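A short write-up of the structure that comes next.
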Amino acid sequence: MGTIRKPIKKTSIEKKKRIIEKGFELMCNKGYHNVSCVDIAKYAGVSTGLIYQYFTDKKDIFLEGVKDYSNKIMFPMINILDNKAFDKNNLRNILSQMIESFINTHTMKKEAHEELMAMSHLDEKVGELFNQNELKMTENISNLLINNDMNIKNVEEKVHIIMGLVDNYCHEVVYHHHKKLNYDIMREEVLDTILFILNKD
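With my numbering applied, the sequence shown closes on residue 543, and no number is skipped along the way.
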């Protein structure tokens with residue numbers, strides 16, 4: 343196996359990015375274990391040799407894809423908090439915008455999302471990456487609350503609980519589609535619960 347190199351030229355950087363995007367998409371849609379580097383090369387429109395210049399194996403591509411996917415979900419939601427002044431008076435509205443952003447960034451098909459979640463449970467490296475991203479998001483949101491003079495006891499623990507609640511609501515809306523449930527009502531219940539948790543001593 344040759345030395346893995348880091349692309350410098352713009353065209354090389356774009357090719358590596360394309361390999362990550364297309365490879366991650368293919369592995370999520372077809373199943374991680376059903377895809378080879380040859381399949382990824384063909385799907386991305388590059389040579390197999392080029393893949394091995396940038397990545398050790400398909401696991402490397404998948405892990406980079408997880409990072410990109412997490413960032414696409416996390417950063418738009420964080421930016422809402424980061425770019426707007428907020429306090430207890432407008433926090434509900436800000437939280438509602440964050441939830442809407444979280445839903446809108448969940449563009450992955452249900453089957454692909456299920457494959458991604460399965461990999462997070464079955465593969466130690468993927469699972470660890472998910473854990474790191476969750477903790478990073480918990481820390482970022484907690485710091486934004488603190489920096490806006492929100493005096494919240496056990497803020498990181500509360501934010502982590504809230505993230506799980508929002509994640510579950512998002513999956514209900516995007517993937518589960520339970521016909522008997524009113525998601526507008528559920529959204530208000532989620533917001534009520536979040537505010538209760540944050541305000542609890």
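Don't be surprised by glycine CBs; every beta carbon is placed ideally from N, CA and C.
Bear in mind the structure is a predicted one, so any value in this text is a computation, not a measurement.
Open item on the list: Under DSSP, the alpha helix (DSSP H) around V380 begins and ends at which residues?
Closed with: C379 to A386
- [ ] Please name the residue in A460, K467 and D509 whose C-alpha comes closest to that of M479.
- [x] D509
Open item on the list: Helix, strand or coil for H513? Go by DSSP, reduced to three states.
Closed with: helix
- [ ] Using only alpha-carbon positions, find the residue among L433, E457, M505 and M528 that is nearest to E476.
- [x] Closest in C-alpha terms to E476, from the list L433, E457, M505 and M528, comes M505.
Open item on the list: If distances are taken between C-alpha atoms only, which option among K372, I382 and K401 comes closest to K357?
Closed with: I382
Open item on the list: What does the Cβ neighbour count give for V532, buried or exposed, with the cut at 16 atoms within 10 Å?
Closed with: buried
Open item on the list: Any contact between the stretch 355 to 373 and the stretch 448 to 457? By contact I mean 3 or more CB pairs, one from each, below 8 Å.
Closed with: yes
- [ ] Would you tell me roughly how many angstroms separate the C-alpha atoms of T398 and K522, rounded to the nearest one?
- [x] 48 Å
- [ ] Quick one: give me the first and last residue of the alpha helix (DSSP H) that H455 is part of.
- [x] K452 to L464
TODO: Determine the DSSP secondary structure at G506, reduced to helix, strand or coil.
DONE: In the three-state scheme derived from DSSP, where H, G and I count as helix and E and B as strand, G506 is classed as helix.
Open item on the list: Taking the alpha carbon of L433 as the reference point, which residue from L486, K359, C379 and T345 has its own alpha carbon closest?
Closed with: L486
TODO: State buried or exposed for I536, treating a residue as buried only when at least 16 other CB atoms are found within 10 Å of its CB.
DONE: By the neighbour-count rule (16 or more Cβ atoms within 10 Å), I536 is buried.
Open item on the list: Under 8 Å: do the stretch 346 to 361 and the stretch 377 to 396 share three or more Cβ pairs, one atom per stretch?
Closed with: yes
Task: Close-in-space but distant-in-sequence residues of the same chain around S443 (CB under 7 Å, 5 per side omitted) - done: P418, M419 and I422
Task: Distance between N376 and H513 (C-alpha atoms, nearest Å) - done: 25 Å
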